[in-house]
């Protein structure tokens, strides 16, 4: 199977993988754990930067865990698509969290108008 298109939906990938909803949830959890481990080593990691050997290890690890939990194995294309998506989502969440934290600290430092304190400061 060739690589899946980036705009493939989760539902389309699930159908291609021939996983039922419970199996798909297991697959998502397993790939999320693997992605988190990859990001611990490099928070800015992109899928295209992952070596071929690491991609093969990911596939083997996913399929090992899937079989252990009574699920069928999945193809390399499905794992690659999911890891790429999970990395992008994870990076996006990290960026948004950083923006949120910086805006909160900036807003907490702002001084608000106090009519008693600022009565002589009106221009």
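Residue numbers (this note's numbering): 334 to 456. The beta carbon of each residue, even a glycine, is placed where N, CA and C say it ideally should be. Here the structure is a predicted model, which is why all the values come from computation and not from measurement.
message: With H, G and I counted as helix, E and B as strand and the rest as coil, what does DSSP make of residue 449?
response: Locating residue 449 in the chain shown gives position 116, counting from the first residue. Coil, per DSSP.
Residue 345 beta carbon less than 9 Å from that of residue 337: For the purposes of this step, residue 337 is taken as residue 4 along the chain shown, with counting starting at 1. For the purposes of this step, residue 345 is taken as residue 12 along the chain shown, with counting starting at 1. Going by C-beta atoms, residue 337 is nearer than 9 Å to residue 345.
- request: Go ahead and label residue 364 buried or exposed: buried means 16 or more other beta carbons lie within 10 angstroms of its beta carbon, across all protein chains shown.
  value: Within the chain shown, numbered from 1, the residue matching residue 364 stands at position 31. Counting the other Cβ atoms within 10 Å of the Cβ of residue 364 gives 16 or more, which makes it buried.
- prompt: In or out: residue 449 buried (at least 16 other Cβ within 10 Å) or exposed?
  reply: Counting from 1 along the chain shown, the entry for residue 449 is found at position 116. Residue 449 comes out exposed.
- request: Measuring alpha carbon to alpha carbon, tell me which of 403, 424, 409 and 399 ends up nearest residue 361.
  value: Along the chain shown, one-based indexing puts residue 361 at 28. With distances taken between Cα atoms, residue 361 lies closest to 399.
- prompt: Hey, would you say residue 423 sits closer than 9 Å to residue 369, going by beta carbons?
  reply: Numbered from its first residue, the chain shown carries residue 423 at position 90. Numbered from its first residue, the chain shown carries residue 369 at position 36. With a cutoff of 9 Å on beta-carbon distance, residue 423 and residue 369 are scored as near each other.
message: Can you give me the C-alpha to C-alpha distance between residue 392 and residue 407, rounded to a whole angstrom?
response: Along the chain shown, read from residue 1 onward, the residue named residue 392 stands at position 59. Along the chain shown, read from residue 1 onward, the residue named residue 407 stands at position 74. Distance between residue 392 and residue 407, taken at the CA atoms: about 8 Å.
field: As assigned by DSSP and simplified to three states, the class of residue 413
entry: Locating residue 413 in the chain shown gives position 80, where the first residue counts as 1. Three-state result, residue 413: helix.
- prompt: Which word fits residue 415, buried or exposed, when buried means at least 16 other C-beta atoms lie within 10 angstroms of its C-beta?
  reply: Locating residue 415 in the chain shown gives position 82, counting from the first residue. Counting Cβ neighbours within 10 Å, residue 415 comes out buried, since at least 16 surround it.
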